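Here the structure is laid out as structure tokens; the discussion comes afterwards.
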Amino acid sequence: MVVLTRNPKPAPWRVKQWDGRTLGTWTSEIDGADAVVNLAGRSVNCRYGTKNRRQILLSRTESTRVIGQAIEESDQPPPLWMQMSTATIYADHTDAGNDEHSGIIGGEEPGVPEAWRFSIDVARKWEAAVDEALTSRTRKVILRTAMVMSPERGGTFDTLLTLVRLGLGGAAASGRQFVSWIHHADFVRAFEFLMKREDIEGVVNLAAPEPLPNREFMRVLRRSWGVPFGLPATPWMLSVGALAMRSETELILKSRRVVPGRLLEEGFAFEFADWPLAARDLCADRQGRAS
């Protein structure tokens, strides 16, 4: 395995420097590779100011474009290109789940907050960069990924668990907005599954099959950690909290009801299909690390 990174550091695998924008000596690693997995993209856990917006967009579209270019110019192009995308591309609603076949792409519905529209626009341009790449000999899989729940510090689960431990893990606003998620073990297993299935290409939703309303999602997390109560947060409280945390309320207020239609159709078996099971496992893992 070879990791392309802007900031090379010692690691148990080979590391190659790239800038995520231009061709260079790193392209030799693409030529003849078994697969290319592009996860590049600046974190969206920030304020959506002009500078951050530009970095969020370009870190995704430029890295995707140059990966496509490197594949196009390879003498032995990799048979598989797995490209990260986001479940945020779907419209904000709470009724039927968005799958790959009938899911509604967001951005056009009236009343969408400007910050949400920005995220959807980024997702559309990100995927367009994949579609525009002329890689006829390479299977392309676009991964519309929900929030990956992992016990490591600094991730989404860590943030939510911190709120629970502080007694702040109640419903956010109405609590009716859906939370789409996937356990980190299933995230990795889905990658392995898609690598082996040479007949699957195009868009695939990486999300657990049972998204939950925020109110229920947080209740399950509190119960799994052993906290009986969580203070709910009104929209203005969330705005103040997001400002203090240098983040955006979109990450918690937008309803993401995304379901893994294609994975289920193709026979993928989730180890953590429901949130109560996943939450208990993640909390036990976190408690084990602490002890």
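If you want the working numbering, it's the 1-based position in the sequence shown plus 330.
Using N, Cα and C, we set each Cβ at its ideal position, and we do this for glycine too.
Remember, it's a predicted structure, so these values are computed and weren't measured experimentally.
In the three-state reduction of the DSSP assignment, VAL374 falls in the coil class, being assigned neither a helical nor a strand state.
Here ARG519 is near PHE598, since their CB atoms are less than 9 Å apart. Between MET548 and GLY500 the beta-carbon gap is near 6 Å, inside 8 Å, which marks them as a contact. Secondary structure at HIS514: helix, using DSSP grouped into helix, strand and coil. Shown here for ARG506: same chain residues with a beta carbon closer than 8 Å to its own, the five before and five after excluded, namely THR424, PRO543, ASN544, ARG545 and SER585 in chain order.
Bounds of any beta strand (DSSP E) do not take in GLY591; it lies within the alpha helix (DSSP H) bounded by 591 to 595. Judged by their CB atoms, ALA363 and MET412 are not nearer to each other than the 9 Å cut-off. Annotation: the continuous beta strand (DSSP E) that includes ASN368 extends over 366 to 368. Note that the stretch 415 to 423 touches the stretch 446 to 458; at least 3 beta-carbon pairs, one per stretch, sit closer than 8 Å. The stretch 421 to 440 makes contact with the stretch 579 to 593: 3 or more CB pairs, one atom from each, lie closer than 8 Å. The three-state secondary structure of PRO565, taken from DSSP, is helix.
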